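In my numbering, the protein residues as written are 227 to 457. Notes follow once the structure below has been shown.
Below you can see the structure in the form of structure tokens.
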């Protein structure tokens, strides 16, 4: 079950904190299984899959937004961990709207999409990717407490289905939206798809990639905030 929670605003008001400024000054922290991990990267991004892919996988034909953190290899654990929060798309009409994300769950699965609210997985070496095991977070919360341009301050806590706790308080960067298309798609068709989903958006095309060796062939277009290109 998902529900919106807003008690943090009350706590900050009582403490006299300015969440728009002070939150970015707090120390970065990522804990997993009571072990503090160095943060390798923390990103927020969007993915717009093809309508065919969405229908085949029973997903909504819309931009899906993800909040993802990856830890560096700690001393006491053999592999670092990645946590991806996957239920932040509802009510988001632009990447700036992600500053309102404030979600709590007590069920591992989002009832609207049928997908896990959060996934935890070990970050394996390239040669071991096939053996990567994903673990769902049975309960938890994820909350954006401040935004400064493309930087978002995020706090989250949760417990995996094997009763392992995790928590974080870190600055995430919005890295853009990737639009997936067929092999025949190009910059113009993928740009139009993004415009139809986010009318009047302020993103600019960074690159187009084609994978002719896929069957069928696929094309990707990656769009980023104008400020990242110095525009």
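The beta carbon of each residue, even a glycine, is placed where N, CA and C say it ideally should be. These figures come from a predicted structure and were not determined experimentally.
Item                                                                                                                                                                                         : Value
Report the residue ranges of all beta strand (DSSP E) runs contained in full by the region 337-420; include only those spanning at least 3 residues, in chain order.                         : 344-348, 360-374, 377-386 and 391-408
In whole angstroms, give me the CA-to-CA distance for residue 288 and residue 423.                                                                                                           : 7 Å
What residues are listed by DSSP as bridge partners for residue 256?                                                                                                                         : 394
CB-CB under 6 Å to residue 290, same chain, minus the five flanking residues each way: which ones, in chain order?                                                                           : 273 and 315
Report yes or no: do the region 408-428 and the region 362-375 share at least 3 C-beta pairs separated by less than 8 Å?                                                                     : no
Give every residue of the same chain whose Cβ lies closer than 7 Å to the Cβ of residue 321, excluding the five residues on either side of it in the sequence, and list them in chain order. : 272 and 400
Would you kindly work out how many angstroms separate the C-alpha atoms of residue 278 and residue 253, rounded to a whole number?                                                           : 43 Å
Residue 249 and residue 369 look like a contact to me (Cβ under 8 Å); what is the Cβ gap, rounded to whole Å?                                                                                : Wrong, their Cβ atoms sit about 11 Å apart, outside the cutoff.
Select from 447, 443, 385 and 441 the residue whose C-alpha is nearest the C-alpha of residue 421.                                                                                           : 447
Going by the CB atoms, is the gap between residue 362 and residue 338 shorter than 8 Å?                                                                                                      : no
Using the C-alpha atoms, what's the distance from residue 318 back to residue 325?                                                                                                           : 9 Å
Where do the N-terminal and C-terminal ends of the alpha helix (DSSP H) with residue 251 fall, by residue?                                                                                   : 248-251
Would residue 393 and residue 263 be called neighbours here (beta carbons separated by less than 8 Å)?                                                                                       : no
Below 8 Å on the Cβ atoms is my guess for residue 341 versus residue 365; work out the distance and round it to an integer in Å.                                                             : That pair is no contact at about 16 Å.
Would you mind giving the Cβ-Cβ distance between residue 308 and residue 349, rounded to the nearest angstrom? I have them listed as a contact below 8 Å.                                    : 5 Å
Hey, would you say residue 381 sits closer than 8 Å to residue 371, going by beta carbons?                                                                                                   : yes
Looking at C-alpha atoms only, which residue of 276, 323 and 335 is the closest neighbour of residue 386?                                                                                    : 335
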